[in-house]
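The listed protein sequences correspond, in order, to chains A and B.
My numbering puts the first sequence at residues 3 to 545.
My numbering puts the second sequence at residues 3 to 545.
Note that CB positions come from ideal geometry on N, CA and C, so glycine has one too.
Since this is a predicted model, take the numbers as computed values, not measurements.
Inspection log for the structure reproduced underneath, given as structure tokens.
2 protein chains.
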Amino acid sequence: MQSTMQDFPLTIAAILRHATTVHGDRTVTTATGDGFRHTTYREIGADTARLANALRRLGIAGDQRVATFMWNNQEHLTVYLAAPSMGAVLHTLNIRLSAEQIAFIANEAQDQVVFVDMSLAAQLAAVLPSLETVHTVIAVGDGDVAALVESGKTVLRYADLLSRESADFDWPALDENSAAAMCYTSGTTGNPKGVVYSHRSSYLHSMATNVVNGFGIGFGDSVLPIVPMFHANAWGLPYGTMMAGADLVLPDRFMDAKSLIQLIETQRPTVAGAVPTIWNDVMNCLEKDPGRDISSLRMVACGGSAVPVSLMQTFEERHGVQIRQLWGMTETSPLATLAWPPPNVPREQQWALRATQGRPVCGVEARIVDDQGAVLPSDGESVGELEVRGPWITGSYYLGRDEAKFADGWLRTGDVGRIDALGYVTLTDRAKDVIKSGGEWISSVELENHLVAHPAVLEAAVVGVPDERWQERPLAAVVIKDGADVTAQELREFLADRVVRWWLPERWTFVDEVPRTSVGKYDKKTIRARHADNAYEVTEVRD
Amino acid sequence: MQSTMQDFPLTIAAILRHATTVHGDRTVTTATGDGFRHTTYREIGADTARLANALRRLGIAGDQRVATFMWNNQEHLTVYLAAPSMGAVLHTLNIRLSAEQIAFIANEAQDQVVFVDMSLAAQLAAVLPSLETVHTVIAVGDGDVAALVESGKTVLRYADLLSRESADFDWPALDENSAAAMCYTSGTTGNPKGVVYSHRSSYLHSMATNVVNGFGIGFGDSVLPIVPMFHANAWGLPYGTMMAGADLVLPDRFMDAKSLIQLIETQRPTVAGAVPTIWNDVMNCLEKDPGRDISSLRMVACGGSAVPVSLMQTFEERHGVQIRQLWGMTETSPLATLAWPPPNVPREQQWALRATQGRPVCGVEARIVDDQGAVLPSDGESVGELEVRGPWITGSYYLGRDEAKFADGWLRTGDVGRIDALGYVTLTDRAKDVIKSGGEWISSVELENHLVAHPAVLEAAVVGVPDERWQERPLAAVVIKDGADVTAQELREFLADRVVRWWLPERWTFVDEVPRTSVGKYDKKTIRARHADNAYEVTEVRD
């Protein structure tokens, strides 16, 4: 028996049609530093068609890659829409990667055209000569393009380009499984790996952002993606907001706390998304200037690294803003789990559940497995590597790289943790950072969390280092606060009250700062390498 | 370039997995007349597996049809889940259809097994001998099965059947485009026509019910589908509620206003769905008994026929309950449009927008076309037939019936109306009921709405009848309230203040009641036939 339903493809073009018709009067606002500029989805739709015409004229055909090197702004949004809807593939370049990584990525993806914000022109110009397949650079905004021209590439202005084109484009019929966009992981091990999103996966992920159990975006909202459009699709907020017909507020490059508070106060978004660091900065800024008002926000999505409960509590109690922790990665589009308690849960337990990475939104399935790949129970106690699957989870990397990350239809996330009976996921470590001591696992992150709770400690990173007897043992690299004083012995005693005895590090080093990756996470690979090179002065403390 | 995303099918089984694991402790409540019985999704999952084992044992294989003749209760839910998830096709029989229609439908669909609530056993027994392909009847609940046994079919008890089976079932991998469920239209013209939903369409429709701009169901909710599971999938609420991990409250056959109020007061659902008649009864009942509390409801979905603004206002002002009008049909799964105003709209305009059929939820696209199929502008003025398309809209009928309803990838809904610039659809008539007078269209529904506003009128139906000069002219069939008195001349003068002159009916008939279809709509075909047979005494009034 055949289904009688229409064979209707889920595409970015369908989101574009919906937003530009039913919600055509809703606005897109972009920060300009000294103010804001506004447009509507109807106008964005016209510019998107102009841009598609321009890209065709520049020779973009088939599924060629169209790259961006841009902040969150309305022009970036038109590339987000035009490239996939015309059948090409959007490739967002992460401006925070090294020049070498950017060149590797752009060359592997064979990018043809790059859109660049003029505020990033110097940074792109430095790497442009290494971008072998790029023939054209499209400069967005005013300013001197001389540095870009030096590369020998064709350099065009976005505004000029659009001014010559028609606001009608004959959008092609596309297979929903065809490539829509690609994004590279910013993994610290080896070269970045490409994830290629399909129209289908992007559409379904957008629906998930509109679902109440997801971000819950509806046309009553105004959404502020602070998380960059060059990294993990700004958590799907641009497409999701357009699908919902909500207003979109874009901070461009003005992402310091003061600018963000000004933006929130004047543009009154109801939903925002950013990493904890940003909200921490905003909180500190609000403490110094308590008259400011961010209460238009009803919900703030927060992820990228673990969200401190104290941050969530401060926002809720002082500013009436709910922070919802979420977890995901480039490979998961990224919305995978979201931490919100069910109704009728006592207040104390609510905070415990909100401190987890959350539970899978419908569409995503999660499980934990042991070293041998055996599935462990979701009992809140068993610890293993998190695996996920679903229609917006990647099943391979571009060009088949790193096949070991995929098994039996599941993505091996490289995150280690546990799942409770109601699906709440608590991640305790990256698999590569877990310290394997005598066959048992020690969580480096839990040790770090306890260490930073010590009043003298500013930062602390814990890594596994080789040990003759136990294979690996923890090394703690600690940054002491200005003017504070503490010994390894004292810190070890501090920890002894908080973790099991065999977790206590014997090796301690005091450093000026913890090395970080391009996205601001602790660079544990570098710490381990420095330790192997004897670059650290290590104090050994045993009982 | 290939997408790297997982090839993950959207299936009912995926909804089942999500609800029974992540939301396994949420409850399903069924009314029993003198109380309520409760179970959990975890238990529903176990029963669903038992049922799938039982159906396999009864020989259900491949995509054979499994029919239900049931109210909204937990057993019906297990058939909703088991049949599609095992690869079979759920076929919900509409108990309100005539015996002839039920036999036609079950035979055309080649139903193998029928589940029947014992409270409906007598009704099914009457038609059972005509169900040629049905070999087994599964009786749900207690009571004498003798009448069913008389048919010569095998008769089994649901509870006995499940008690013998394992709570594990090896669910097959299914193509998301395979058939999951079927439902017949209850059209008054010709035989009912079959719509075959796919797993994909059911899954996407469920997501739409979870989307904020849809029903907005999340795991904070408790959902009461009063709209029957035997008609248009109870508006997708059973699957949608499970996908959301919300509680489900099922009224079984106890759908009188008093029982519903009792249910709402004690079980405290937050979302409910029913046709206007039901809410009208509830409103009248609450007027007589103002101490009752239905304020647990935050949102009530209402559709199936136009929702009077007065009903919405009463619910909101007296009971704090929002009624949201929606429009859809069996062919649209059914959620297609939903009437909710954008933010920042003045209060007066809000009611005007809420009185429309609403605008398309993302996924559904709508347009109006004229007699020749030319697309008309969405300008709020042009009137034409509504066409819709999308991933949960049907593209044909089972066995290719009534091909004229489908053109160019769009479903011709048979509804006539207009669309405004923001997508709000206002339906004024069924295409077959529009009165075509001298090349122009007169809306029968608008005339009816004005007539029932007259204090002496209880009901009024207007149909087009043949006219020598104008091709068609309106005939008004009016039911006068008990004790009231009014003449055709007076009603015509009443209308003259409200519609354009050439709409005024010349032909009037006063009747005891307006004939209705099986689903309670005015049966205009019968009215026209009775008029043609001179069965009505017609008063002619001209100026």
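Cutoff 8 Å: residue i Cβ touching any chain A Cβ
i          : result
Val-371(B) : no
Ile-395(B) : yes
Ile-219(B) : yes
Gly-411(B) : yes
Asp-154(B) : Looking at the sequence shown, residue 154(B) is not Asp but Gly. No - not a single Cβ of chain A is within 8 Å of the one on Gly-154(B).
Gly-305(B) : no
Thr-23(B)  : yes
Pro-194(B) : no
Cys-364(B) : yes
Ala-128(B) : no
Asp-9(B)   : yes
Leu-12(B)  : yes
Gly-275(B) : no
Ser-297(B) : no
Leu-424(B) : yes
Closer than 8 Å to chain B by CB, residue i
i          : result
Glu-389(A) : no
Arg-432(A) : no
Ser-188(A) : no
Gln-4(A)   : yes
Gly-367(A) : For clarity, residue 367(A) is Glu in the given sequence; the question names Gly instead. Closer than 8 Å: yes.
Val-198(A) : yes
Ala-246(A) : yes
Tyr-399(A) : yes
His-20(A)  : yes
Ser-180(A) : yes
Pro-230(A) : no
Whole-Å CB distance - residue i paired with residue j, under 8 Å assumed
i          : j          : result
Leu-328(A) : Ala-303(A) : 5 Å
Asn-74(A)  : Pro-278(A) : Contact flag wrong, Cβ pair sits at about 18 Å.
Trp-412(A) : Val-390(A) : 7 Å
Ser-100(B) : Leu-130(B) : At roughly 15 Å, the Cβ-Cβ gap does not stay under 8 Å, so Ser-100(B) and Leu-130(B) are not in contact.
Ser-121(B) : Gly-89(B)  : About 30 Å separates the two Cβ atoms, so there is no contact after all.
Val-323(B) : Gly-216(B) : Wrong, their Cβ atoms sit about 18 Å apart, outside the cutoff.
Leu-133(B) : Ala-105(B) : 6 Å
Ile-280(A) : Thr-243(A) : Not confirmed; about 18 Å, so no contact.
Ala-182(B) : Tyr-199(B) : 5 Å
Residue environment, residue i, which counts as buried when at least 16 other CB atoms sit within 10 Å
i          : result
Val-24(B)  : buried
Pro-336(B) : buried
Trp-504(A) : exposed
Val-377(B) : exposed
Asp-545(A) : exposed
Pro-271(B) : buried
Lys-407(B) : buried
Gln-269(A) : buried
Ala-148(B) : exposed
Lys-290(A) : exposed
Asp-119(A) : buried
Pro-86(A)  : buried
Gln-315(A) : exposed
Val-465(A) : buried
Asp-381(B) : exposed
Glu-367(B) : buried
Asn-1(A)   : In the structure as shown, chain A begins at 3 and stops at 545. Residue 1(A) is therefore absent and cannot be evaluated.
Residue i - partner residues in DSSP beta bridges
i          : result
His-201(B) : None, per the DSSP bridge assignment.
Val-459(B) : Ile-482(B)
Tyr-186(A) : Gly-196(A)
His-20(A)  : BP columns for His-20(A) are empty, so no partner.
Ala-33(B)  : Phe-38(B)
Gly-216(A) : In DSSP, Gly-216(A) forms no bridge with anything.
- Hey, which unbroken runs of the alpha helix (DSSP H) at 4 residues or more fall wholly within the segment 327-389 of chain A? Complete alpha helix (DSSP H) runs here, min 4: 349-356.
- Task: Output the residue ranges of the beta strand (DSSP E) runs that lie fully inside the segment 93-179 of chain B and measure 3 residues or longer, sorted by chain position.
- Result: Runs found: 113-119, 138-142 and 156-159.
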